[in-house]
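Visitor:
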Amino acid sequence: MYIDDGIWLVDQLSASNVYIVSTGGGAVIVDTGVRGSTPAILNTLHHAGFTPQQVRALVITHAHVDHIGSLPELQQATGAPICASPGEAAAIEGHQPIPHPPGIHGLLFLAMSSATRPQPVAVQHLLHPGGSIPHLPEWRVVGTPGHTPDHVSFYHPEREFLLAGDAVVQMGGLRRSPWIFTSHMPTAKASVALLAGLRLRSAGWGHGQPIVDDATLSQRLAEVARRDRSQSISARPLKWN
7 MYIDDGIWLV
17 DQLSASNVYI
27 VSTGGGAVIV
37 DTGVRGSTPA
47 ILNTLHHAGF
57 TPQQVRALVI
67 THAHVDHIGS
77 LPELQQATGA
87 PICASPGEAA
97 AIEGHQPIPH
107 PPGIHGLLFL
117 AMSSATRPQP
127 VAVQHLLHPG
137 GSIPHLPEWR
147 VVGTPGHTPD
157 HVSFYHPERE
167 FLLAGDAVVQ
177 MGGLRRSPWI
187 FTSHMPTAKA
197 SVALLAGLRL
207 RSAGWGHGQP
217 IVDDATLSQR
227 LAEVARRDRS
237 QSISARPLKW
247 N
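Heads up: take any position in the sequence shown, counting from 1, add 6, and you land on our numbering.
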């Protein structure tokens, strides 16, 4: 599905979103969905006017299995290098467990993720906050940890366009990713506040429909951040004199 100038959302995926971004003479794919997503990704790629050989990079926001599940198969189909932040690369390459929340529910999350974890693959390019994306020099890497320890988002300042991964989702309205999937909640809340400080008109999320050409988008994210702060304050234990 075409969503903005040179940006497509892959159709027919329900677990998580995958985006295709034009480089001019080729394309970059952002995240890869769960296992079995490759046919839908290649179909949208075809309708966008690209061949698998024109894919310049596979760029990953974070290493949860609903975002890297088709990574080995998609790399085999395209031959494109994989790009990820250092912490997420360690999980993609099999050196670390899949990022998971703390506590007992985190262990359950890890067990479920391990059952569908793809084969480890090598990451060819590390992404760092403030840097650019290979073949997309206008896009900046934004460090948005919390949902996972080294989660990153991608921002085009001139177009005021954000690809947020799971730092923010559009599920029953804009919100931070639910706590049950989040590695460190205070850091995740700080990342939402960071994104709210960007000039934004359009954004795509890991879950939910993109928002395009909304002049109030930054304010809407700021409201999510304010709501998080108020909930944190109300959750603090009372101090008795």
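Idealized CB from N, CA, C, for every residue including glycine.
1) Checking contacts by CB at 8 Å: is His101 closer than that to chain C?
2) From Leu133 to Ile139, what distance separates their C-alpha atoms?
3) Looking at Tyr161: is its Cβ nearer than 8 Å to the Cβ of Arg146?
4) Tyr8: buried (16+ other C-beta within 10 angstroms of its C-beta) or exposed?
5) For the beta strand (DSSP E) containing Glu164, name the first residue and the last one.
6) Just how far apart, CA to CA, sit Val34 and Val27?
7) Ignoring anything shorter than 4 residues, give me the alpha helix (DSSP H) runs that lie fully in the region 48 to 130, in order along the chain.
8) Please report the straight-line C-alpha distance between Gln215 and Leu15, rounded to a whole angstrom.
9) If I follow the unbroken alpha helix (DSSP H) through Leu201, where does it start and stop?
10) Gln176 by DSSP, collapsed to three states: which one?
11) Taking all protein chains shown into account, do 16 or more other C-beta atoms lie within 10 angstroms of the C-beta of Arg62, making it buried, or fewer, making it exposed?
Guide: Taking the structure as given:
1) As a matter of chain content, chain C is missing from the structure shown, which is built from one protein chain.
2) The residue labelled residue 133 in the question sits at position 127 within the sequence shown. The residue labelled residue 139 in the question sits at position 133 within the sequence shown. Roughly 7 Å separates the two Cα atoms.
3) Within the sequence shown, numbered from 1, the residue matching residue 161 stands at position 155. Within the sequence shown, numbered from 1, the residue matching residue 146 stands at position 140. Against a cut-off of 8 Å, the Cβ pair of Arg146 and Tyr161 comes out as a contact.
4) By 1-based counting over the sequence shown, the position of residue 8 is 2. Exposed is the call here.
5) The residue given as residue 164 occupies position 158 in the sequence shown. It is not in any beta strand (DSSP E) - Glu164 carries neither H nor E in the DSSP assignment.
6) One-based indexing of the sequence shown puts residue 34 at position 28. One-based indexing of the sequence shown puts residue 27 at position 21. Each residue's Cα considered, the two are about 5 Å apart.
7) 71 to 74, 77 to 84, 92 to 98, 109 to 121
8) In the sequence shown, residue 215 corresponds to position 209, counting from 1. In the sequence shown, residue 15 corresponds to position 9, counting from 1. Their Cα atoms are separated by approximately 9 Å.
9) Here residue 201 corresponds to residue number 195 of the sequence shown, with the count starting at 1. That run of the alpha helix (DSSP H) goes 191 to 202.
10) For this step, residue 176 is matched to residue 170 along the sequence shown. Of the three classes helix, strand and coil, the one that applies to Gln176 here is strand, per DSSP.
11) Counted from its first residue, the sequence shown places residue 62 at position 56. Answer is buried; the Cβ neighbour count reaches 16.
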